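Student:
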Amino acid sequence: MIDVERLDHAYDGAATLRDVSFRLGAGEKAVLLGCNGCGKSTLLKILAGLVHPLSGGYRYDGRTVDAASLRDASFRRRFRAEVGLLFQRSDAMLFNPTVRDEIAFGPRQHGLDDAEARVVRWATALGVAELLDRAPWTLSAGQKQMVCLASLLVLEPRLLLLDEPTAALDPRSTGWLVDFLQDLDQTLLVTTHNLSLAPELGPRCLVLGEDHALLHDGGADGLAGNLDLLRRANLVHGHRHRHGDREHRHDHTHDWD
Ligand SMILES: Nc1ncnc2c1ncn2[C@@H]1O[C@H](COP(=O)(O)OP(=O)(O)OP(=O)(O)O)[C@@H](O)[C@H]1O
Ligand SMILES: [Mg+2]
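Here our numbering = 1-based position in the sequence shown + 54.
1. Taking the C-alpha atoms as reference points, what is the distance between Gly103 and Leu166?
2. In this structure, does DSSP put Cys259 in helix, strand or coil?
3. Residue range of the alpha helix (DSSP H) that Leu140 falls in?
4. Any idea what DSSP makes of Phe325, helix, strand or coil?
5. Roughly how many whole angstroms lie between the Cα atoms of Asp311 and Leu223?
6. Going by C-alpha distance, which of Leu214, Thr152, Leu207, Leu249 is nearest Glu184?
7. In whole angstroms, give me the CA-to-CA distance for Phe159 and Arg296.
8. So, for Asp187: in the same chain, excluding its five sequence neighbours on each side, which residues have a beta-carbon less than 8 Å away from its beta-carbon?
9. Who are the Cβ neighbours of Val119 in its own chain at under 6 Å, not counting the five residues just before and after it?
10. Can you tell me whether Ser95 sits near ligand 2, meaning its C-beta is under 6 Å from at least one heavy atom of the ligand?
11. Looking only at its own chain, which residues have a Cβ that is under 7 Å from the Cβ of Arg130, when we skip the five neighbours before and after it?
12. Roughly how many angstroms separate the alpha carbons of Trp230 and Gly116, rounded to a whole number?
13. Please tell me whether, using a cut-off of 6 Å, the distance from the CB of Gln142 to the nearest non-hydrogen atom of ligand 2 is below it.
14. Please state whether DSSP places Ser194 in a helix, a strand or coil.
15. Report the rounded CA-to-CA distance for Gly110 versus Val58, giving the unit in angstroms.
16. Grouping DSSP H, G and I as helix and E and B as strand, with all else coil, what is Val58?
17. Between which residues of its own chain and Pro161 is the CB-CB distance below 7 Å, once the five residues before and five after are set aside?
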């Protein structure tokens, strides 16, 4: 479904992705890891056709995705309906007066005549049905995250690109979302900073290095024990411990929370 070949990208001359190649088959689930600023969000935006690479190719279902192909109205319509990107910051996605309008926006744009029924169905599935008449900006961070997800899923996309979907969620909601995502048939690429969640989010794991090149493409199992890889990706943290009046410092791979 996704075929990315030798992608390079930079903002204002500063590299954000270097020579990144991978493929993702229909229905596959993968997690994307990497330290702050390594290019994860940029990669998801490229896969959503919102940003274009400097060089290299991106094909979706065999069709090149670039500025020219997206000018073709029928391809653009299909691509926008089939590919959903959950932004890292929910506030970047929310702009409607009510949650109901927010979730209905996509179906209305696409002229679907069952927009209202879809809104109720997906708001219920994501646990936000009671918030339908609220203004999105009044919601808590976790509630906003669920509304954003509902507004993507309402179009029943084939490819879901989720940028840190659990960042604002409490442990109970995180567990619920992981189960929910695993049960979806969709192709899924999810970023997270939570190493212990990684194997739950996708059997496959892509790791971007701090140099913006792909460091690892393989299984997510055993990742937490792969200190060499995690050190190279800058995904270990060191912090001080106090034992009585003695203090020492060493690396950790467990999550902070
Ligand atoms: N619109 C932009 N203009 C200029 N530079 C940008 C822009 N967006 C991102 N960058 C830069 O590109 C690099 C990659 O950013 P990106 O958001 O892809 O990182 P990330 O891996 O998602 O990081 P994080 O874990 O913090 O979310 C960073 O150095 C960032 O400052
Ligand atoms: Mg990011």
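Yeah, the Cβ is synthetic: ideal placement off N, Cα and C, and Gly gets one too.
Being a predicted model, the structure only gives us computed values, none of them experimental.
Tutor: The short version:
1. 23 Å
2. strand
3. Taken as a continuous stretch (DSSP letters only), Leu140 belongs to no alpha helix (DSSP H), being part of the beta strand (DSSP E) at 137-140.
4. Any answer about residue 325 is impossible in this case: the structure gives the chain only from 55 up to 311.
5. Low confidence applies here, because Asp311 scores a pLDDT of 44, under 50, leaving its location unreliable; read the following figure in that light. Taking the straight line from one Cα to the other gives about 11 Å.
6. Thr152
7. 53 Å
8. Thr152, Val153, Arg154
9. Gly103, Tyr112
10. yes
11. Leu124
12. 34 Å
13. yes
14. coil
15. 8 Å
16. strand
17. Ala169, Arg172, Val208, Leu209
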